[in-house]
Amino acid sequence: MFTYSGQRESNHVHYTSAPHISLWGVKSCCRTMNHKTININQIIESYMKDNLALTRTTATLVAVIVILGALAGLGWVREPTTTTITRTATLAAETRIITQTISTVSVSTVVSVSTTTATPAPPTPIKIRLASIAFPSYMLFLQLIIQEKRFDLKHGLDVTWVPQPTIPGFYATINTGEADGIPGGGPIVFQRMYLEGSKLVITNTLVPLSAVYIVTTKPDINSFRDLVGKKLAVDVGAAEFMILKAYGASVGIDVERDVTIVPSAYPVARGRLLGGEVDAAVLVEPHIALARAENQQVRVAVNLNDLWTSLTGQPFAVYLVTALSEDFVKKNPDAPRRLVEMFREVEDFITRNPVEADEILARGMNIPKGVMLYGILSESVRYKIMPAWTDETRSVIEKMFEIAKAAGAVPDVPGPQIIYTP
């Protein structure tokens with residue numbers, strides 16, 4: 010409470026605070042603050058007494074500064090306080106007393122800042138029909154995992170699978186219009202189809218040649234040369250047969266004359282190997298693991314990628330690629346990029362989650378659990394997803410075209426338009 014009384018020249022202030030306020034940092038002249046009272050006249054007189062050189066005006070200013078400093082030392086008021094100010098003014102015979110009560114409330118303001126991260130909406134899915142093969146194959150691996158995990162929707166695609174019971178039917182879908190694309194075709198097959206008038210473009214690699222092996226049960230077959238005089242089951246329409254012919258020619262071996270070739274698709278080749286009809290077979294997963302499950306003597310003798318590197322000096326070749334119809338790509342120019350990302354997701358999923366991948370594939374192909382796990386962990390199950398339009402990938406595919414022509418597998422090398430360019 011402040012009390013002001015007296016005539017015009019007389020000034021007296023009486024201050025009373027809430028119980029929670031204490032004052033400090035003031036000299037002896039202000040010690041009366043401990044009793045919650047400040048007398049300006051006492052402070053002024055004290056300063057003038059101790060400092061004779063000070064005028065009353067200067068002493069008044071010093072006293073005000075001291076009081077303000079003391080109040081500043083309070084820091085903050087911890088509870089709401091009530092201050093009563095009473096002013097008494099005496100003018101001539103009339104006296105007026107004005108009393109005003111002020112409530113002081115300590116207000117705490119909390120500012121809450123939240124950050125919202127906007128996640129872009131997934132792109133509108135592109136509907137695409139992809140051919141597949143109904144028997145165990147890399148193409149079926151893709152279908153089963155993409156269906157289970159819906160990686161297509163994640164990457165802006167909505168895939169409808171068009172399963173085919175035969176390999177010729179699988180390739181024919183892009184010509185008949187049943188499918189918009191073929192994930193998992195041989196580059197040499199697409200080369201031949203393109204030269205024969207098929208309107209298609211190769212968009213990406215899928216499986217490297219390092220996933221293709223010559224396997225045997227014979228202890229005396231350990232290299233390519235050891236095949237001379239032996240029976241070999243192989244798919245003669247696939248890229249691996251063309252590479253065997255080209256590599257054989259480079260080392261003085263005529264595969265079709267020096268080796269007895271038994272034309273066989275993978276399931277048939279596996280059966281012939283296990284039945285002892287042939288000495289060796291060219292196989293991929295899951296046929297290698299399935300053969301080992303029946304006969305532990307089945308082992309890998311040659312990796313075809315080693316033959317390719319010796320033949321060309323290139324670090325890798327491709328066993329399977331993806332081709333889309335030209336018309337589909339023109340209508341959906343972003344589809345090739347989305348397709349690459351979806352396939353990469355499959356590749357990464359198999360690598361990071363081998364047990365779950367094994368379960369999905371075992372259930373979908375009706376084979377025992379652990380068969381595919383063996384192939385995954387031994388790295389004989391391999392994907393290598395790369396856009397076809399990069400310089401590195403394009404050079405490998407074009408080299409395969411050249412070797413296929415030199416081996417007599419196809420009449421010519423297709424133009425550069427066969428490889429998709431964004």
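Residues 10 to 431 (the working numbering) make up the sequence shown, in order.
For every residue, glycine included, the Cβ atom is placed at its ideal position computed from N, Cα and C.
Asked                                                                                                                                                                     : Found
Given this structure, state the Cα-to-Cα distance separating residue 183 from residue 170, to the nearest angstrom.                                                       : 13 angstroms
With H, G and I counted as helix, E and B as strand and the rest as coil, what does DSSP make of residue 86?                                                              : Note that residue 86 scores a pLDDT of 40, beneath 50, so its modelled location is shaky; the value from the coordinates is reported in the next line. Coil at residue 86, not helix or strand.
Can you tell me whether residue 408 is helix, strand or coil according to DSSP?                                                                                           : helix
Provide the residue(s) that pair with residue 317 in DSSP beta bridges, ordered along the chain.                                                                          : Answer by DSSP bridge pairing: none, since residue 317 is not bridged.
Select from 315, 307, 209 the residue whose C-alpha is nearest the C-alpha of residue 423.                                                                                : 209
For residue 431, which residues in the same chain have their Cβ closer than 8 angstroms to its Cβ, ignoring the five residues on either side in sequence?                 : 342, 345, 346, 398
Return yes when the Cβ of residue 154 is within less than 8 angstroms of the Cβ of residue 355, no when it is not.                                                        : yes
Answer with buried or exposed for residue 120, where buried requires no fewer than 16 other C-beta atoms within 10 angstroms of its C-beta.                               : Residue confidence is low: residue 120 scores 46 on pLDDT, short of 50, so the model does not pin down where it sits. No coordinate-derived value is stated.
Would you identify the three-state DSSP class for residue 389, choosing helix, strand or coil?                                                                            : coil
With 16 other CB atoms within 10 Å as the buried threshold, where does residue 429 fall?                                                                                  : buried
Okay, do the region 245-254 and the region 282-290 touch, 3+ Cβ pairs below 8 angstroms being the bar?                                                                    : no
Do residue 332 and residue 405 come within 8 angstroms of each other at the CB atom, strictly closer than that value?                                                     : no
Below 8 angstroms, can you find three or more Cβ-Cβ pairs linking the region 182-197 to the region 155-164?                                                               : no
Report all residues from its chain with a CB closer than 8 angstroms to the CB of residue 263; omit the five preceding and five following residues, and keep chain order. : 257
Does DSSP put residue 235 in a helix, a strand or coil?                                                                                                                   : helix
Give a yes or no on contact between the region 348-368 and the region 378-395, applying the rule of three or more CB pairs nearer than 8 angstroms.                       : yes
Quick one: give me the first and last residue of the alpha helix (DSSP H) that residue 280 is part of.                                                                    : 275-283
Could you give the DSSP three-state label for residue 334: helix, strand or coil?                                                                                         : strand
Tell me whether the beta-carbon of residue 310 lies closer than 8 angstroms to the beta-carbon of residue 278.                                                            : no
Who are residue 167's beta bridge partners in DSSP?                                                                                                                       : 136
Is the region 299-317 touching the region 190-200 in the sense that three or more CB pairs, one from each, lie closer than 8 angstroms?                                   : no
Identify the residues that DSSP records as bridge partners of residue 172: which are they?                                                                                : 141
Taking the DSSP output, what are the residues bridged to residue 308?                                                                                                     : 225
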